[in-house]
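Below is one structure, written out as structure tokens; the observations come after it.
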Amino acid sequence: ARGLNTISATGTNNIPDSALFAVDTRGALTIQSGSSTPVLVGSVATGGSITDVFVSGRYAYVLNFTLASLQAFDVSNPSKPVNVGSLQSTTYFGSPNNIYVSGRYAYITSTSGFVIVDVSNPANMKIAGTLSGFSNLAKLKISGKYAYVVDTSNTKLYIIDVSNPEAPVLTGSITTSNAPHAIDLSGRYAYLMESGSFQVIDISNPSVPVVASSLTLPTSAGSVFSVSVSGRYAYLSDRNMFRVVDISNPA
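Numbering-wise, the sequence shown is residues 114 to 364 according to the numbering used here.
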């Protein structure tokens, strides 16, 4: 089976509400209909192995591991996605992990650190700011002026002030129970999926995040992939299991 990372996108510009964006780690960006019977709509070669994709407006931003680059594809015509720009850097994109786009900036994690890229002009993307001193940054989320990033090697959650994209500043951090692999945010809490546990962090004070509660998961959980919060439930997935956790009382 092919390794796929997927992300859905709501309708913006000419992108259909039901569009499903999938990245083939063997080097192709494919777009499928989100109907009950998926239909291949379009695809384009990326030139290398892909680690993540984020769709914002009419563009899909792709992290290309092989080419050590950030690529921008115009997907306004889903049947004919077009590569409109690329930013290459072995220093910052040599081992990229995750990307999150908000406004005119893309926030990227890698084994090299934390990178902010100005994507206001996808044809001429530029690095705006960087922050180093980490080990292996994985998933991230953006909320307001802060980036919430997990480090699997240092077993930490980092909170970074990105109000000045050219000079991001580490605001706070907390050591987690186990290696965190995924994160989602809701209200005053960050929800972390870890190797063997699920942890809720109170982030109401970004300078001093504290553990609100935790849940031990079976050791058979295997490799962790994702967590998504909606309403009173957190949905957890890993290699072997899909779980639903009631978080109506996070503490």
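The beta-carbon is built from N, C-alpha and C at its ideal position, and this holds for glycine as well.
On the DSSP letters alone, give me the boundaries of the alpha helix (DSSP H) that residue i sits inside.
{"i": "F206", "result": "203 to 206"}
Looking at the strands, I want to know which residues DSSP matches up with residue i.
{"i": "G242", "result": "I229"}
{"i": "V313", "result": "Y304, S326"}
{"i": "P293", "result": "E307"}
{"i": "A280", "result": "According to DSSP, which records beta bridges pairwise, A280 is partnered with nothing at all."}
Determine the contact status of residue i and residue j, defining contact as a CB-CB distance below 8 Å.
{"i": "A251", "j": "N277", "result": "no"}
{"i": "D187", "j": "V197", "result": "yes"}
{"i": "F311", "j": "V282", "result": "no"}
{"i": "Y218", "j": "V232", "result": "yes"}
Rounded to whole angstroms, what is the Cα-Cα separation between residue i and residue j?
{"i": "N318", "j": "P363", "result": "16 Å"}
{"i": "R356", "j": "S225", "result": "32 Å"}
{"i": "S182", "j": "S189", "result": "22 Å"}
{"i": "Y172", "j": "V195", "result": "9 Å"}
{"i": "S162", "j": "S327", "result": "35 Å"}
{"i": "I229", "j": "A241", "result": "5 Å"}
{"i": "F178", "j": "T164", "result": "6 Å"}
{"i": "N118", "j": "E307", "result": "With a pLDDT of only 47 at N118, under 50, the local geometry of the prediction cannot be trusted, and no value is derived from it."}
{"i": "T222", "j": "P151", "result": "31 Å"}
{"i": "L349", "j": "V154", "result": "29 Å"}
{"i": "S346", "j": "S299", "result": "Note that residue 346 is Tyr in the sequence shown here, rather than Ser. Approximately 11 Å between the Cα atoms of the pair."}
Beta strand (DSSP E) containing residue i: first to last residue?
{"i": "F355", "result": "355 to 359"}
{"i": "S308", "result": "Unbroken run through S308: none, as it is neither H nor E."}
{"i": "A364", "result": "Element bounds for A364: n/a, residue is neither H nor E."}
{"i": "N211", "result": "209 to 215"}
{"i": "F247", "result": "Premise fails: F247 is in no beta strand (DSSP E) and is neither H nor E."}
{"i": "N177", "result": "172 to 177"}
Measuring CB atoms only, is the region 284 to 302 touching the region 223 to 242, in the sense that at least three cross pairs come out at less than 8 Å? no
Cβ pair count under 8 Å reaching 3, the region 245 to 255 against the region 200 to 207: no
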